[in-house]
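Numbering (the numbering used here), first residue to last: 1 to 265.
Beta carbons: idealized from backbone N, C-alpha and C, even for Gly.
Step one of this worksheet: look at the structure below.
Written as structure tokens, this is what we have:
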């Protein structure tokens with residue numbers, strides 16, 4: 001009867017104990033202080049099925065340990081001096097990046113483990129991660145760094161939105177109702193409550209400034225809305241994609257309580 005032996009220590013051990021309980025095949029377990037040794041015996045008619053099960057379970061152990069423990073420890077070591085009060089936020093951003101890629105990561109790890117166990121009957125999980133998954137751990141470091149970047153960008157963006165909101169709240173309302181049409185081609189049209197194009201010295205000044213500074217559409221739109229300072233903004237979204245949703249979300253954040261969104265065919 002063939003067998004596969006596993007050696008697990010440290011942070012991977014707790015999840016490996018759950019693996020022991022889930023394996024239906026005959027097994028022998030040695031739990032010695034920080035080390036867990038597992039011998040799994042495979043029936044000839046279920047050899048492949050058992051090996052695949054073990055590979056998937058080891059994949060889960062590595063992924064869950066890395067994203068729930070190792071990633072958090074990396075972030076804490078790297079950023080605790082500069083961002084001690086923001087460690088949890090940075091971890092959440094990094095974790096989201098990991099989860100976006102988790103399916104691909106899982107497939108790659110499974111193939112690596114399966115290939116290894118196809119020619120070896122013993123695997124030390126910690127050693128396997130350290131020496132045969134170096135590229136994977138380097139990738140986790142990149143995710144950690146990218147998580148910090150995205151967190152800081154979002155933090156700056158939120159602070160900027162709050163500044164604009166504060167400025168809008170200080171302004172007097174210049175017009176009653178403004179209608180914003182977001183078209184299917186991504187452009188927009190600004191009208192008064194009678195659907196007449198809004199052209200004024202205000203918008204012309206902003207338009208000229210936008211040309212000089214190569215301002216993008218969203219920045220230009222926000223500048224116009226702030227300049228016109230409407231009491232109410234009615235948004236008609238014909239684009240209905242992530243771009244228009246982000247624009248609408250930004251407008252709602254700045255003009256809190258003044259925005260109504262409609263969708264039209």
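| Check | Outcome |
| --- | --- |
| With 16 other Cβ atoms within 10 Å as the buried cut-off, status of residue 237 | buried |
| Option nearest residue 128 by Cα separation, candidates 59, 149, 93, 97 | 59 |
| Burial state of residue 101, where buried means 16 or more other Cβ atoms lie within 10 Å | exposed |
| Opposing strand residues paired with residue 189 [DSSP bridges] | 181 |
| Proximal residues to residue 15 (C-beta, below 7 Å), its chain only, five neighbours per side dropped | 61, 64, 65 |
| Helix, strand or coil at residue 130 [DSSP, three-state] | helix |
| Spatial distance of residue 94 from residue 147 (CA atoms) | 4 Å |
| Buried/exposed call for residue 71, threshold 16 Cβ in 10 Å | buried |
| Proximity to residue 19 [Cα-Cα], best of 54, 196, 226 | 54 |
| Cα-Cα separation, residue 89 to residue 151 | 7 Å |
| Cβ separation of residue 197 and residue 179, assumed to be a contact under 8 Å, to the nearest whole Å | Not confirmed; about 10 Å, so no contact. |
| Simplified DSSP state of residue 36, which is helix, strand or coil | strand |
| Helix, strand or coil at residue 255 according to DSSP, with G and I counted as helix | coil |
| Nearest residue (CA-CA) to residue 3, options 81, 98, 131, 117 | 117 |
| Spatial neighbours of residue 36 in its chain, beta-carbon cut-off 6 Å, leaving aside the 5 residues before and after | 8, 13, 16 |
| Residues of its chain near residue 140, where Cβ-Cβ distance is below 8 Å and the 5 sequence neighbours each way are ignored | 66, 70, 71, 74, 98 |
| Beta-carbon proximity list for residue 201, same chain, < 6 Å, skipping 5 on both sides | Low confidence applies here, because residue 201 scores a pLDDT of 48, under 50, leaving its location unreliable; read the following figure in that light. Closer than 6 Å at Cβ, skipping near neighbours: no residue. |
| Member of 192, 91, 158, 26 whose CA lies at the smallest distance from the CA of residue 41 | 26 |
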